[in-house]
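Novice: In my numbering, the protein residues as written are 159 to 319.
Sharing a structure with you now.
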């Protein structure tokens, strides 16, 4: 007897004289439907009941986060996250240890709001996490128009813009 294996209503495999088949090449974390029919050499039977399978996920084994350790208020910088293995099905969420100092968007973009120190955490759906600490500073200014006045034998007053 020959058996036809159908995946999502398309014949994907046939086996002879055995009642088992291994289907390979499926994507991780994906739902598939399967049915089987028999062929006796003359005609094909009705398809069996349909079974739905959900392939397993590929969890992260390692996560790293890379971002500058210094930002000025008003700046935005995107964190770079590396996941191992590269074909993981995990997704990443980001959090800030203090959203009054810096916020982090769903895509990992950090926006510096005020002076302070903040830790950004990237966490995968399988629970692995990596952190990076960023010092937030006031924006750099350019000192111009330096002048001196009230100069005496022991001191002077400096003024600038």
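Every residue gets a Cβ at the ideal spot worked out from N, C-alpha and C, and that includes glycine.
Please say whether residue 279 and residue 250 have beta carbons closer to each other than 8 Å?
Specialist: In the chain shown, residue 250 corresponds to position 92, counting from 1. In the chain shown, residue 279 corresponds to position 121, counting from 1. Pairing residue 250 with residue 279 gives a Cβ-Cβ distance that is not under 8 Å.
Novice: Flag this pair as touching only if the region 213-220 and the region 253-262 have three or more C-beta atom pairs under 8 Å; answer yes or no.
Specialist: no
Novice: If distances are taken between C-alpha atoms only, which option among 241, 302 and 210 comes closest to residue 189?
Specialist: In the chain shown, counting from the first residue as 1, residue 189 sits at position 31. That would be 210, whose Cα lies nearest to the Cα of residue 189.
Novice: Report the rounded CA-to-CA distance for residue 284 versus residue 170, giving the unit in angstroms.
Specialist: Along the chain shown, read from residue 1 onward, the residue named residue 284 stands at position 126. Along the chain shown, read from residue 1 onward, the residue named residue 170 stands at position 12. If you take the alpha carbons of residue 284 and residue 170, they lie about 32 Å apart.
Novice: For residue 268, is the classification buried or exposed, using 16 other Cβ atoms within 10 angstroms of its Cβ as the cut-off for buried?
Specialist: Residue 268 sits at position 110 when you count from the first residue of the chain shown. It counts as buried.
Novice: Using the beta-carbon count (16 or more within 10 Å), is residue 248 buried or exposed?
Specialist: For this step, residue 248 is matched to residue 90 along the chain shown. Per the 10 Å Cβ criterion, buried.
Novice: Count the C-beta pairs between the region 219-236 and the region 287-296 that are closer than 8 Å, then say yes if the count reaches three, no if not.
Specialist: yes
Novice: Is there a Cβ from chain D that is less than 8 Å from the Cβ of residue 304?
Specialist: Protein chain content of the structure displayed is limited to a single chain, and chain D is not contained in it.
Novice: Based on the DSSP output, what are the partners of residue 306 in its beta bridges?
Specialist: The residue labelled residue 306 in the question sits at position 148 within the chain shown. Answer by DSSP bridge pairing, in chain order: 316.
Novice: Would you kindly work out how many angstroms separate the C-alpha atoms of residue 244 and residue 185, rounded to a whole number?
Specialist: Numbered from its first residue, the chain shown carries residue 244 at position 86. Numbered from its first residue, the chain shown carries residue 185 at position 27. The straight-line gap from Cα to Cα measures roughly 14 Å.
Novice: Taking the beta strand (DSSP E) that residue 152 falls in, what are its first and last residues?
Specialist: Missing from the structure shown is residue 152; the chain here goes from 159 to 319 and no further.
Novice: What residues in its chain sit with their C-beta under 6 Å from that of residue 234, if we drop five residues either side in the sequence?
Specialist: On the chain shown, position 76 is the one that residue 234 refers to. Closer than 6 Å at Cβ, skipping near neighbours: 267 and 269.
Novice: If I measure Cβ to Cβ from residue 239 and keep anything under 6 Å in the same chain, skipping five residues before and after, which residues do I get?
Specialist: In the chain shown, residue 239 corresponds to position 81, counting from 1. Taken in chain order, the residues that qualify are 223, 250 and 280.
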